[in-house]
Structures are given as structure tokens and as C-alpha cells.
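A short write-up of the structure that comes next.
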Amino acid sequence: MARVYNFSAGPSMLPEAVLRRAADEMLDYGGSGQSVMEMSHRSKEYGEIIGGCEALLRSTMGIPDNYKVLFLQGGASSQFAMVPLNLRKGGKADFVLTGQWAKKAHSEAKKFLCANVVADSSDKTFSYIPKLDPQKFDPDADYFHICYNNTIYGTRFHALPDTGKVPLVADMSSCILSEPVDVSRFGVIYAGAQKNMGPAGLTVVIIREDLIGNADESVPTMFNYKTHADNDSMYNTPPTYAIYICKLVLEWLRDEMGGLSGMKAQNERKAGMFYDYLDSSALFKGTVDKADRSLMNIPFVTGDEELDKKFVKEAAAAGFVNLKGHRSVGGMRASIYNAMPVEGVIKLIEFMKEFERQNG
Ligand code: PMP
């Protein structure tokens with residue numbers, strides 16, 4: 001069996017140990033005589049899985065008691081609407097536009113409230129995180145939205161804005177579980193699971209309790225956080241198998257990676273090696289401001305589109321797949337989420353050095 005090194009932006013690699021465990025448990029989970037996929041979400045066995053997943057997420061991220069964890073569906077994209085539908089009071093919110101996902105969150109929110117842009121880095125193809133001027137923050141906004149890590153452009157916030165009493169809402173789809181975060185700084189954290197948490201189909205929302213229960217009557221039941229909070233994410237059938245895999249990923253993080261601080265050290269090592277090589281290469285160049293570089297998504301180019309294509313093709317043939325940049329930006333992008341082993345990054349760099357020798 002030849003497994004490739006998959007640099008996809010998501011869905012992306014899962015830890016091999018998790019896949020093996022899921023394979024072992026596929027036909028008979030814990031002596032139940034059935035697969036987790038076949039289990040009633042109301043069964044005792046499944047209750048332990050979802051409860052265990054939540055407990056592990058809470059301990060891993062240090063989620064305070066006054067926050068709820070919701071296991072939803074609809075992707076991070078549905079949160080672009082759910083956040084304004086549930087948090088709107090005065091009918092205004094602030095947005096930082098740092099890429100396509102941030103822009104989508106902003107455009108969707110515009111359907112429900114007055115969505116103000118406090119900063120925008122579109123002038124340089126979102127290759128940096130714009131400086132924030134707190135004078136422009138609306139002290140009466142219902143929330144302040146950021147996309148913490150910009151999957152397509154490879155930038156991230158290295159410091160959080162101080163929004164005072166205004167709840168900070170963060171899309172953490174492409175960086176959740178990559179390093180410790182102080183959850184108490186946020187009103188809402190949301191993430192599609194398909195990068196660092198598990199398979200697609202699960203969307204995790206971590207929300208401060210006082211932000212639940214304020215949606216008006218017209219909000220559809222399934223789009224109201226209260227529905228899911230009151231029913232422990234069991235109002236309807238949750239994405240049962242994805243939650244099970246997420247639990248296995250969290251166990252792997254705890255037992256094999258040393259939790260979030262160990263994970264951060266490994267992610268810094270991987271990204272550090274990659275950026276060091278890009279900075280020293282005469283052929284490949286990183287595309288974003290050094291101060292704003294992501295730990296998870298690393299875009300780069302040769303400066304010659306034909307050579308980029310040749311690189312992506314030859315890399316795939318050598319077992320380094322999904323290195324093509326997002327269709328909107330071109331070039332290359334290596335997504336090196338938690339499950340990408342250090343060895344995968346070392347081998348990719350060796351391959352790039354050889355490509356540089358031959359094509360430089
Ligand atoms: N936000 C970010 C930062 C993303 O990277 C993505 C998907 N790549 C999304 C939102 C959209 O997520 P979903 O496909 O789960 O709706």
C-alpha cells in the first residue's frame with residue numbers, strides 16, 4: 001500500500017493511527033456488533049462517543065464552563081448566516097476582509113444586518129493582515145468578525161484585536177487545534193472539521209452562553225443556536241461518524257502529540273523548515289508578508305506559470321499531491337495541517353531542492 005503525502009487544503013490528511021483504529025472498529029465498535037455509522041445517535045454507545053468527543057475538545061482547548069460546544073452540519077459556510085441570525089441585536093457588525101472566506105462571511109451577514117468593513121487587504125491580493133485601527137471599531141456592534149487563518153492566501157492573525165465588550169467571532173476552520181488559544185477571548189469560534197478535526201460534514205461551534213437565545217422568532221429552528229444547545233446537539237441526527245472520527249483525532253492529539261502545546265511546537269517546526277527553504281531558494285518564493293505567515297497553509301510560486309504547472313505535475317507523480325494553489329490565485333500551496341507528518345515536509349523540501357537543481 002502506497003499512501004501519498006496529501007497537501008490538500010481540505011478535506012485533508014488524517015492521522016494514519018486514526019484511520020487504522022477506525023478500520024479496526026469498522027465492523028464491530030467496542031463489541032456492539034455494529035459500525036458507528038449504523039448506530040442510533042440515541043444509543044448508549046453513541047452517547048459515550050459524542051459526550052467523550054465534547055469532553056476531550058473541552059479539555060484540549062481549555063473551553064471555559066460558560067461556553068457551549070455544538071456539533072452541527074452545514075459547513076463553516078452556514079455559520080456565515082447563523083452568526084448574524086443569532087447575534088444580531090442592534091443590527092450592526094464589524095468585519096476584517098482578509099480573503100475570500102472573510103468576504104463571504106461579510107456578504108452573507110449583509111443580508112441580515114449592517115456589515116461594516118474595518119480593514120481590508122484586497123489591494124495586495126490578501127497577501128498580508130491589515131493593520132487595525134481601533135478608532136474604526138463600532139463599540140455598539142453586535143459582533144466583530146475575523147477569519148483567523150486564511151486558507152487560500154496563507155496568512156493568519158498573530159495578535160487578536162481588542163474589541164472590548166463586543167464579542168469577537170472567529171472562523172477557525174483552517175487553524176483550530178493547531179496551537180493553544182485563549183477561548184475566553186472569543187464570543188464564538190466556528191470551524192468546518194475537514195482540516196484539523198476530522199472528515200467533512202461536521203461543523204463545530206464554541207459559543208459563550210450569553211450569546212445563545214437571542215435570535216428572533218423568524219429564525220428557522222435549525223439555524224437557532226438555542227435549539228442545538230438545549231438538545232446537546234441532538235435536536236436532529238448529528239453527523240455521527242464525523243464526530244466519532246473527531247474523537248479519535250482528539251485522542252491522538254492528546255496521546256501522541258502532547259496536546260495543543262506539543263502540536264504547536266511540531267507545526268512551528270514544519271512551517272519553519274518550509275519557510276526557511278523558501279527564503280533561501282533562488283527558484284521558489286513565498287507570496288505573503290513574513291510577519292503574517294500561516295502555520296497551516298503555505299502558498300508559493302516560481303514566477304513562471306508553466307514551471308509551476310510542471311512542478312505540480314512532477315510532485316504529484318512523486319507522491320506529493322494537491323500542491324496546486326487555489327484556483328483564484330494560481331501557483332502552489334502546501335497545506336500542512338496537524339496530520340501532515342514532519343517527514344512529509346522534509347521529503348517535499350528535498351523534492352523541491354532537486355526540482356530547483358534541475359530547473360533553476
Ligand atoms: N472558512 C475557511 C477559513 C475555510 O478554509 C473554508 C473551507 N475551505 C470555509 C470557511 C468554508 O467551509 P465549508 O466548506 O465547511 O463551508
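Last residue of the sequence shown: number 360 in full-length UniProt numbering, and the count goes up by one each step with no gaps. Beta carbons: idealized from backbone N, C-alpha and C, even for Gly.
- Checking the DSSP bridge columns, you'll see Val321 partnered with Asn6.
- Look at the beta carbons and you see the segment 190-207 not touching the segment 266-283: under three pairs across the two are nearer than 8 Å.
- Contact check for Pro11 against Ala291 fails: the beta carbons are separated by 7 Å or more.
- Following the DSSP letters along the chain, one finds Ala170 inside the beta strand (DSSP E) bounded by residues 168-171.
- Taking Cys53 as the centre and dropping the five residues before and after it, the same chain places the C-beta of Phe71, Ile243, Tyr244, Cys246, Lys247, Leu250 closer than 8 Å to its C-beta, in chain order.
- In this structure, Leu283 lies near Glu356, with their beta-carbon atoms less than 7 Å apart.
- Asp216 sits in coil when the DSSP states are folded into three classes, being neither helix nor strand.
- When distances are taken from the beta-carbon of Asp171 to the heavy atoms of the ligand PMP, the shortest one is below 6 Å.
- Looking at the DSSP output, Met234 sits in no beta bridge, so it has no partner there.
- Of Lys104, Leu97, Ser281, Lys110, the smallest CA-CA separation from Lys124 is found for Leu97.
- Here the distance from the Cβ of Thr151 to the nearest heavy atom of the ligand PMP is below 6 Å.
- Between the beta-carbon of Leu323 and that of Arg333 there is about 7 Å, and that keeps the pair under the 8 Å contact cut.
- For Lys313, the three-state secondary structure derived from DSSP is helix.
- DSSP places Phe274 in the uninterrupted alpha helix (DSSP H) bounded by 259-280.
- When the beta-carbon positions are compared, Tyr148 and Ala93 stay at least 7 Å from each other.
- In the DSSP assignment, His145 falls within the beta strand (DSSP E) that extends over 143-147.
- At the C-beta level, Trp252 and Ala23 stay beyond 7 Å of one another.
- Distance between Ala317 and Arg208, taken at the CA atoms: about 47 Å.
- Asn297 is positioned such that its CB atom lies closer than 7 Å to that of Thr151.
- Taking non-hydrogen atoms of the ligand PMP into account, the C-beta of Gly325 is found less than 6 Å away from none of them.
- At least one heavy atom of the ligand PMP is found less than 6 Å from the C-beta of Cys147.
- Residues Ser127, Tyr128, Tyr153, Gly154, Thr155, Ser294, Pro299 of the same chain have their beta carbon placed closer than 8 Å to that of Val288, with the five preceding and five following residues left out of the count.
- In the DSSP annotation of this structure, Asn224 is not part of any alpha helix (DSSP H), being labelled neither H nor E.
- In the three-state scheme derived from DSSP, where H, G and I count as helix and E and B as strand, Tyr190 is classed as strand.
- The closest heavy atom of the ligand PMP lies less than 6 Å from the beta carbon of Ser174.
- When secondary structure is reduced to three states using DSSP, Tyr67 falls in the strand class.
- Each of Ser122, Arg185, Lys110, Met172 was checked against the Cα of Pro161, and the nearest Cα belongs to Arg185.
- In this structure Ser281 does not touch Gln100 by the C-beta definition: roughly 27 Å separates them, more than the 8 Å allowed.
- Using a 10 angstroms sphere on the CB of Thr302, the tally of other CB atoms reaches 16 or more, which defines it as buried.
- Here Arg88 is buried. Its C-beta has 16 or more other C-beta atoms within 10 Å.
- Cβ neighbours of Ala76 within its own chain (closer than 8 Å, five residues either side excluded): Trp101, Asp171, Ser173, Tyr190, Ala191, Gly192, Thr203.
- With 16 or more other Cβ atoms inside 10 Å of its own Cβ, Gln79 counts as buried.
- Between Gly331 and Asp308, the gap from beta carbon to beta carbon is short of 7 Å.
- Between the ligand PMP and the CB of Gly258, the shortest heavy atom gap is not smaller than 6 Å.
- Within a 10 Å sphere around the beta-carbon of Glu108 sit 16 or more other beta-carbons, which makes this residue buried.
- Shortest Cα-Cα distance from Asp140 to any of Pro130, His158, Ala115, Tyr241 involves Ala115.
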